[in-house]
Structure formats: structure tokens, C-alpha cells
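Visitor: Per this note's numbering, the sequence shown starts with residue 269, numbered consecutively. Sharing a structure, written as C-alpha cells. Questions coming.
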Amino acid sequence: MKLSRMTALLAMTVAMPAMATELEVTHWWTSGGEAAAVAELAKAFDASGDKWIDGAIAGGGGTARPIMISRITGGDPMGATQFNHGQQALELVEAGLMLDLTDVAEANNWKEIVYPPSLLDACTVDGKIYCAPVNIHSPEWLWLNNKIYEDLGIPVPTNWNEFVATAPKVREAGKIPLALGNQPWQSNLAFGAMQIAVAGLDAWKAVNVDKNMDVAAGPEYAAVFQAAADARELARGSNVQDWNQATAMVINGDAAGQIMGDWAQGEFQVAEKVAGKDYTCLPGLGLNQYISTGGDAFYFPKLDDPEKEAAQKRLAALLVSPEVQVAFNLKKGSLPIRGDIDMAAANDCMKKGLEILAGGNIVPSGDMVWSPDVQKLNEDLMVEFWKSDMSPEDAHAKWVENLKSGL
Ligand code: GAL
């Protein structure tokens, strides 16, 4: 009797894993492709014996970030949270609210494996590492519906200029040339993609890295504002809110193209569209094939709970691990943060991104080079510009003022 009870108890101990530690993880990944990608993170964390409590916040980063920040500063921190690495979480780190992950980074050789190193630099404050980067996401892509062009009997554009030149035919056929959602960051993203495509790398660096305001006010950037005015015309009639609704317009053949980040790839994938056959992706809008290497990272608010802190560190290590990097990024459409993993399963678009990355044709992201305040001013300006008849010249002058306020 005694023996069988003991055996039963023993069996229970073996069968029952140690109590899983729950961590609430907040993020703004709610589109089909994003949800599929974040599910990979949750799956891996749960499989490792802990428990991912999903804290998705709808409405995009612009809605989610203030909520995340106020929870952390207001004494209701989550176990982990997404931010774009760069300056978004800087004030939280400086206020001493975020967990130092330097020991995790050292134990897992992040300094040796994370590529490009700027990703880890963007997590580092005063020599300490405060975030686990999960991807490189590049916003400089033009996504095109091939069938629209086939039906019109014209070749699918290979760059922004061809896209603009063929837009009247698209319009005549009753389609919207350029899908654009109404959330402020989307018009800002489109403008950012045009900057590097139209102004070129040297002018881009002069303005965004060296903060040369003469170049900002000069002819290369006047051309960018002119291109933005063209794009504004092409987007007339595109009355959707979320970025993935705009992507859906391209997928469904209501619009010919969208300027959007590599995460659009996840939506085409969920819709079972094939890169190169059903749709075309043009990094650098097909003009200047540079991508910026911002991305998503997870930060871990201090919780004053040793058990949770250990789980936070386990999650940080897991996010950077090869298996999670492959599974997550294949679903997300973004690029992995390490070059030592097998991405053979990548589709045509991801391969283009990987090639650009391998060639070193990369620039820092807006979040890395400008403060959230400047970013916000420019978002507001872009909303006004895209939704009104503001002249490119006026918008240009205002934009230079915005940049100067951040110097
Ligand atoms: C970005 C984020 C991407 C992406 C996008 C749209 O801020 O870094 O991963 O999914 O928002 O939600």
C-alpha cells in the first residue's frame, strides 16, 4: 500500500513539470502575418517550460507604445514588451525601470553573433544591454500586385519611376495606384522610403547621420518632396486605416502597390500568394537598394521578483536562439539578427533582403538617428501633407524646422 502510494507520488513528480512561470508579453502584432509570427515566440517559450501570456495591443505601435510606457512608469509593468530598438525605451532605461540583460548577452555571446552590431548597440545604454533584438525590419519596400499589370498588358514596374509612369493606366482601369492607410506612421514610413530611394545614400547620410541641415534644405530633398507629392496623388481614394488593410487592397487587386515594411510579406504569405509570381517586392523602391536595420526588440521591465526575473532572462536568451530566429522571421517576413543560421526556406523577397544585408548595404533606422519627439513632429507633418494640398515646398521647409528642433 505504502509502496504503491509512493510510486504514484513519484509518477506525479515525474509527469508534472516544475511550475511554469508566467510572463505577460505586450506587443502590437495583431495582423494575420504578425500574429502567426508572434505565435512562434509563444510556442517556443511555452515549450521551454514557462508560460507566455499574450498581451497584444491593437491599433499599431503608435497606440500601443504610450500604453506600454504608462504601465511601466505607473507601477503596472508587464514581464516583457516589444519596442523598436533605438530611442523608444531610452527614457525608461535611464529611469532605472528596465532589467539589465548584460549577463544573458555575455553568456550567449550576443556581441559575436548579432549582425549588424548596430542592433546590439541600439540595445546598449552606458555599456549595459537592455534588450533582446528579434529581427531586422526594413521599411523601404514597394509591394506590387502582378496581375493588375498583366491584365493591363504592361510589364510589372521595376522601380518607383516606372510605377509612377504607369499609374494613370492603373487609375483608368478603376484601380487605386497606391494603397496607403491613415495611421500617421504609414505616411511617414512612405516618406522615409522615398528619402533613400530618391535622394540617394550620400544625401541621406548627410542629413540623418551627420545632421547637415544645408543638405536637408537642398535640391536632393526637394526632389523627395516632389516624389511625395506624386505619391499623394496616387494614393487618392485609398480610404483604409490599418497598414494591413492597405496590404489587403494590393493582395485583392483593388490597388496596384503599397510602400510598406517587410512585414507586409507576412500578409501575402497568410493569403498564400507567391513572391515573384503573384506579387513583386522592390527593396529601396527599386531605385537604391539599401535597407535600414531597425527592428523589434524585447525589453524587460524590472519586477522585483527573482522567479520572474529568471524567467525574463530565459525568454531573452530564447528570443535570440537560432531555432526561434528561424521560426519567427520566416513567418514575419523580417530578417534574422544573426547570420549563422539556415534561412534556406526564405522566399524570393526575404532572399533579396538577405542579399542586401550580406552586401552591407544598410543604414540605421529613423528610431536610431532621431528622437521620438522629432519622429512625432514629422509624423504629424506627413499626415497634414498627405491629407491636404500643402505644397511640397512648404512641407519641405517645415520638415527642416522639425529636424533642427532635434539638434
Ligand atoms: C513596426 C514593427 C514591425 C511591424 C509594424 C506594423 O513598428 O516594428 O514589426 O509589424 O510595426 O505593425
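Note that the Cβ used here is the ideal one computed from N, Cα and C, for glycine as well.
For D368 and K396, I'd like the C-alpha separation in whole angstroms.
Guide: Cα to Cα, the separation comes out at about 7 Å.
Visitor: Where do the ends of the beta strand (DSSP E) carrying N352 lie?
Guide: Segment 348-352, the beta strand (DSSP E) holding N352.
Visitor: Under 8 Å between the Cβ atoms of I527 and A461?
Guide: Yes. Within cutoff.
Visitor: Taking the beta strand (DSSP E) that W409 belongs to, which residues open and close that run?
Guide: Counting along the chain, the beta strand (DSSP E) containing W409 begins and ends at 409-413.
Visitor: Once the 5 residues before and after G601 are set aside, which same chain residues still bring their CB inside 6 Å of it?
Guide: Answer for G601: D530, W531, Q533, G534, listed in chain order.
Visitor: Short of 8 Å in beta carbon distance, which residues of its chain neighbour I464, apart from the five on each side in sequence? Order them along the chain.
Guide: These residues qualify, in order along the chain: E408, W472, G552, N556, Y558, S560, V631.
Visitor: What does the alpha-carbon distance come out to for the pair L446 and L502?
Guide: Approximately 5 Å between the Cα atoms of the pair.
Visitor: Which stretch, first to last residue, makes up the alpha helix (DSSP H) that contains K311?
Guide: Start and end: 300-315.
Visitor: Leaving aside the five residues before and after A497 along the sequence, list all residues of the same chain whose C-beta is less than 6 Å from its C-beta, in chain order.
Guide: Result list for A497: P660, in chain order.
Visitor: Candidates L586, T515, Q356, I624: which alpha carbon is nearest A312's?
Guide: For A312, the nearest C-alpha among the options comes from L586.
Visitor: Going along the chain, which residues of its own chain have a beta-carbon closer than 6 Å to the beta-carbon of L550, five neighbours each way excluded?
Guide: For L550, where only same-chain residues beyond five positions count, the Cβ hits under 6 Å are L410.
Visitor: Identify the residues that DSSP records as bridge partners of E290: which are they?
Guide: K319.
Visitor: Here's the rule: buried if 16 or more other CB atoms are within 10 angstroms of the residue's CB, otherwise exposed. What is G364?
Guide: That one is exposed.
Visitor: Determine the extent of the alpha helix (DSSP H) in which I624 is found, giving its start and end residues.
Guide: That run of the alpha helix (DSSP H) goes 616-626.
Visitor: Which of the three DSSP states, helix, strand or coil, is assigned to M636?
Guide: Looking at M636 - three-state DSSP - the assignment turns out to be helix.
Visitor: Can you tell me whether DSSP reads I422 as helix, strand or coil?
Guide: Of the three classes helix, strand and coil, the one that applies to I422 here is coil, per DSSP.
Visitor: Here's a check: name, in chain order, each residue in its chain whose Cβ is nearer than 7 Å to the Cβ of I609, leaving out the five neighbours to either side.
Guide: The answer, listed in chain order, is P590, Q593, V594.
Visitor: Quick check on K672: buried or exposed, where buried means 16 or more other Cβ atoms within 10 Å of its Cβ?
Guide: K672 should be labelled exposed.
Visitor: Under 7 Å from any heavy atom of the ligand GAL, does the C-beta of H664 make it?
Guide: Answer for H664: no, Cβ out of range of the ligand GAL.
Visitor: Would you say the beta carbon of G674 comes nearer than 7 Å to a heavy atom of the ligand GAL?
Guide: False, no ligand heavy atom lies under 7 Å from that Cβ.
Visitor: Since K443 and A539 should fall inside the 8 Å C-beta cutoff, what is the C-beta to C-beta distance between them, to a whole number of angstroms?
Guide: About 18 Å separates the two Cβ atoms, so there is no contact after all.
Visitor: For the ligand GAL, is there any heavy atom lying closer than 7 Å to the beta carbon of N352?
Guide: Within the cutoff, so yes.
Visitor: Is it the case that the CB of E302 approaches a heavy atom of the ligand GAL more closely than 7 Å?
Guide: Checking every heavy atom of the ligand GAL against the Cβ of E302, one is found closer than 7 Å.
Visitor: Can we count D564 as close to the ligand GAL, meaning its CB is less than 7 Å from some heavy atom?
Guide: Result yes, Cβ under 7 Å from the ligand GAL.
Visitor: Which residue wins for smallest C-alpha separation from W320, given the options E290, N403, S386, E308?
Guide: Comparing Cα-Cα distances from W320 to each of E290, N403, S386, E308, the minimum goes to E290.
Visitor: Would you check if there are 3 or more beta carbon pairs closer than 8 Å linking the stretch 341-353 to the stretch 611-625?
Guide: Touching, no, given that fewer than three Cβ pairs across the two stretches are closer than 8 Å.
Visitor: What is the rounded straight-line gap between the Cα of L649 and the Cα of G562?
Guide: About 22 Å.
Visitor: Would you report the Cα separation of M284 and A315, rounded to the nearest angstrom?
Guide: In this prediction, M284 scores a pLDDT of 44, lower than 50, which makes its location untrustworthy; the coordinate-derived value is nonetheless stated afterwards. About 14 Å.
Visitor: Might you give, ordered along the chain, the residues of its own chain that have their beta carbon closer than 8 Å to the beta carbon of P640, omitting 5 neighbours on each side?
Guide: The answer, listed in chain order, is Q355, Q356.
Visitor: For V438, I'd like the list of residues in its chain whose CB is within less than 6 Å of its CB, leaving aside the five on either flank, ordered along the chain.
Guide: Excluding positions up to five away in sequence, the list reads P445, A524.
Visitor: Quick check on E418: buried or exposed, where buried means 16 or more other Cβ atoms within 10 Å of its Cβ?
Guide: Exposed: under 16 other Cβ atoms inside 10 Å.
Visitor: Going by DSSP, what residues sit across from Y547 in a beta bridge?
Guide: N413, A543, per the DSSP bridge assignment.
Visitor: Should P334 go down as buried or exposed, given a rule of 16 or more other Cβ atoms within 10 Å for buried?
Guide: Exposed is the call here.
Visitor: Taking the straight line between their C-alpha atoms, what separation do you get for M269 and D573?
Guide: Below a pLDDT of 50, predicted positions are generally treated as unreliable, and M269, at 41, falls in that range; the measurement from the model is reported next regardless. M269 and D573: Cα-Cα distance of roughly 41 Å.
Visitor: What's the gap between the Cα of Q451 and the Cα of D510?
Guide: Approximately 6 Å, taken between the alpha carbons.
Visitor: Given 7 Å as the limit, tell me if W654 has its C-beta closer than that to any heavy atom belonging to the ligand GAL.
Guide: W654 Cβ: outside cutoff for every heavy atom of the ligand GAL.
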